[in-house]
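Here is the structure we will look at.
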């Protein structure tokens, strides 16, 4: 949804007032706007290698958890 020209002017006035009143908050808002616009990745977002290692570790945990559940179910069936 895009903004009309009037809405853009009002938003620009609000941003200028915010920069005058609270520069730190204005920097934070600008950083959030850049992240939402997709111009830069969020800070702390895993890089490609870190992401793969994280996913691999979690897949392994899920695999082993499923294996334990299957073994326990088989054990329950065999003992009844």
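Residue numbers (this note's numbering): 1 to 80.
In this text, a Cβ means the ideal position worked out from N, Cα and C, and glycines have one as well.
Computed from a prediction, not measured in an experiment: that's the story for all the values here.
query: Anticipated Cβ contact below 8 Å, residue 11 with residue 3, distance rounded; result: 7 Å
query: Whole-angstrom distance between residue 24 and residue 59, CA atom to CA atom; result: 41 Å
query: Residue 49: first and last residue of the uninterrupted alpha helix (DSSP H) it sits in; result: 48-79
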